[in-house]
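Colleague:
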Amino acid sequence: MLNQKKKYTTLIYVNTKGNSMDFIFAEIYRYRFIKKITIAALIISLGIGISTIKVQADDMFMHDLRHTGRSLYHDVHINKLKWKKITGSEIWSSPVVGSDNTIYVTSTDGNIFALNSDGTEKWHYRAGDEIYSTPAVGADGTIYVGCKNKKLFALKPDGKLKWVYFVGSDVYSSPAISSDGTIYIGAWDGKLYAINSNGTLKWTYSTAANILSSSPAIGDDGMVYIGSEDGRIYAISPEGRIRWSFMTMAKIDSSPSISDDGIVYIGSHNGKLYALDSKNKGKLIWEYNIGSNIDATPAISTDGTIYIGAKDGKLYAINSDGTLKWTYNTGDTITSSATVSADGIIFVGSWNGMLYAINPDGTLKEEHNVSRFPILSSPSIDSNGTVYIGSTDWKVYAFGE
Numbered sequence: 005m006l007n008q009k010k011k012y013t014t015l016i017y018v019n020t021k022g023n024s025m026d027f028i029f030a031e032i033y034r035y036r037f038i039k040k041i042t043i044a045a046l047i048i049s050l051g052i053g054i055s056t057i058k059v060q061a062d063d064m065f066m067h068d069l070r071h072t073g074r075s076l077y078h079d080v081h082i083n084k085l086k087w088k089k090i091t092g093s094e095i096w097s098s099p100v101v102g103s104d105n106t107i108y109v110t111s112t113d114g115n116i117f118a119l120n121s122d123g124t125e126k127w128h129y130r131a132g133d134e135i136y137s138t139p140a141v142g143a144d145g146t147i148y149v150g151c152k153n154k155k156l157f158a159l160k161p162d163g164k165l166k167w168v169y170f171v172g173s174d175v176y177s178s179p180a181i182s183s184d185g186t187i188y189i190g191a192w193d194g195k196l197y198a199i200n201s202n203g204t205l206k207w208t209y210s211t212a213a214n215i216l217s218s219s220p221a222i223g224d225d226g227m228v229y230i231g232s233e234d235g236r237i238y239a240i241s242p243e244g245r246i247r248w249s250f251m252t253m254a255k256i257d258s259s260p261s262i263s264d265d266g267i268v269y270i271g272s273h274n275g276k277l278y279a280l281d282s283k284n285k286g287k288l289i290w291e292y293n294i295g296s297n298i299d300a301t302p303a304i305s306t307d308g309t310i311y312i313g314a315k316d317g318k319l320y321a322i323n324s325d326g327t328l329k330w331t332y333n334t335g336d337t338i339t340s341s342a343t344v345s346a347d348g349i350i351f352v353g354s355w356n357g358m359l360y361a362i363n364p365d366g367t368l369k370e371e372h373n374v375s376r377f378p379i380l381s382s383p384s385i386d387s388n389g390t391v392y393i394g395s396t397d398w399k400v401y402a403f404g405e
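Numbering (our numbering), first residue to last: 5 to 405.
1. Could you check what DSSP says for Gly389 in three-state terms: helix, strand or coil?
2. DSSP three-state call for Ser258: helix, strand or coil?
3. Name the residue from Arg376, Gly389, Ser375 and Ile393 whose alpha carbon lies nearest to the alpha carbon of Pro383.
4. Could you give the first and the last residue of the continuous beta strand (DSSP E) run that contains Tyr108?
5. Buried or exposed for Thr211, going by 16 or more other Cβ atoms inside 10 Å?
6. If you run the structure through DSSP and keep just helix, strand and coil, what is Gly404?
7. Have a look at Thr337 and Asn373 and give me their C-alpha separation to the nearest angstrom.
8. Suppose you measure from the CA of Gly172 to the CA of Trp192; what does that come to, to the nearest Å?
9. I'd like to know whether the C-beta of Asp307 is nearer than 7 Å to at least one C-beta of chain B.
10. Select from Ser341, Gly275 and Trp355 the residue whose C-alpha is nearest the C-alpha of Ser293.
11. Might you give, ordered along the chain, the residues of its own chain that have their beta carbon closer than 8 Å to the beta carbon of Met64, omitting 5 neighbours on each side?
12. Using DSSP's beta-bridge definition, name the partner residues of Phe65.
13. Which same chain residues end up closer than 6 Å to Thr106 when comparing Cβ atoms and leaving out the 5 residues on each side of it in sequence?
14. Would you check if the distance between the CB atom of Asn115 and the CB atom of Arg130 is smaller than 7 Å?
15. I'd like the list of long-range same chain contacts for Thr331, defined as Cβ closer than 6 Å, with 5 residues on each side in sequence excluded.
16. Cutting at 6 Å between CB atoms, please list the residues of its own chain near Pro220, excluding the five before and the five after it.
17. Work out the CA separation of Val175 and Tyr169 for me, nearest whole Å.
18. Classify His78 as buried or exposed, calling it buried when 16 or more other Cβ atoms lie within 10 Å of its own Cβ.
19. Report the partner residues of Trp398 according to the DSSP bridge assignment.
20. For the beta strand (DSSP E) containing Glu373, list its first residue and its last residue.
21. Rounded to a whole number of angstroms, what is the C-alpha to C-alpha distance between Gly348 and Tyr311?
22. What residue range is occupied by the uninterrupted beta strand (DSSP E) comprising Thr331?
23. Enumerated in chain order, which unbroken segments of the beta strand (DSSP E) with a length of 3 residues or greater are wholly contained in the region 109–189?
24. Using C-beta distances below 6 Å, list every residue in its chain close to Asp307, excluding the 5 sequence neighbours before and after it, in chain order.
25. Quick one: using the 10 Å Cβ neighbour count with 16 as the cut-off for buried, is Ala342 buried or exposed?
26. When DSSP labels each residue in this structure, what does Asn293 get in the three-state scheme?
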């Protein structure tokens, strides 16, 4: 039995394969909900239309409102370490990049960091509890972050508090900001919250179970999509009304992504990737059985290929018709969500501590041994072609050529 009084997430190493490592993550943040916890119960895999999509930078989880994972930048490399910055604890979230190339990243000891592109610190803000949420940056430069202490923080570009909204439960989900400035975020109480840009509540919608790491995706029509641990993905109107839901029959901790033509993709703990027609009440178009737990969010390239990692350690490339294109085996669990550069290179991290750059045909372009600790974070790319990623070794890394 693990010590249930420990404050921060505990990382345990069990050497069961000679020189390789099996990584067991103890979800300390679940302790308040689970009375009796065994080691077995703690072994998990966690990530935790082009014409209208508006992205200036990789300034939110999965780069844009539709969670396509597409970067605007090309000719990106990871063969050279430019710098690394130690934070106060493990990094489970993903770095995001503001329009001025400021890097924002959070750590599980409750710190929100703003870093210059050379790795020096601009400022940091102490939120007071564990953070697993990836920041989102609004059009006016406001930084939004969810926290385990039931708060959604809004920080000014200089790091000073703008406002804080008390959510009804712990927040592990990452916020999304619609074109009208509404902030959407999920919480452990199972609700999707819509918060006005001034920090007041707009509305809530209740799902039938907890929302852990699923982050809202927003369609070009303003429809909001989010997964829940009740096994459903929900489509909620900008006014907070349910349009449709789809049952996967297993927990959803993955976040939805939306293609240029409105197809919604979502992964589930049953090992299946689903393609749903948002224009036809979420009707199932196809499902692909990966056969291994999915916590990562699907990335979608401009040619419609879907890239998603799974617990079996493989990155899957799925054609838009639901057929398999190729797989790339990293050899360890993938909960990192992929990033696709403008020239089609796929970047993804693995629990083996490696960062990979994969060609569109599934061959390895480059790889970098980041750390001996697992990478749960997803990569981001700035306008200089620098790739940023966090690690559970407490550091954020910058790679380039």
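Positions of the beta carbon are idealized from the N, C-alpha and C atoms, including for glycine.
Quick caveat: nothing in here was measured; it's all calculated off a predicted structure.
Modeller: From the atom records:
1. coil
2. coil
3. Ile393
4. Ile107 to Thr110
5. buried
6. strand
7. 15 Å
8. 8 Å
9. Among the chains of the structure shown, chain B does not appear; only one protein chain is present.
10. Note that residue 293 is Asn in the sequence shown here, rather than Ser. That would be Gly275, whose Cα lies nearest to the Cα of Asn293.
11. Val100, Thr138, Pro139, Ala140, Val141, Ser178, Pro179, Ala180 and Ile181
12. Looking at the DSSP assignment, Phe65 forms no beta bridge with any residue, so it has no partner.
13. Ala118
14. yes
15. Lys318 and Tyr320
16. Ala180, Tyr188, Val228 and Ile230
17. 11 Å
18. exposed
19. Answer by DSSP bridge pairing: none, since Trp398 is not bridged.
20. Correcting the residue identity first, residue 373 is Asn in this sequence and not Glu. Note, Asn373: beta strand (DSSP E), Leu368 to Asn373.
21. 11 Å
22. Leu328 to Asn333
23. 115–119, 125–130, 147–151, 155–159 and 165–170
24. none
25. buried
26. strand
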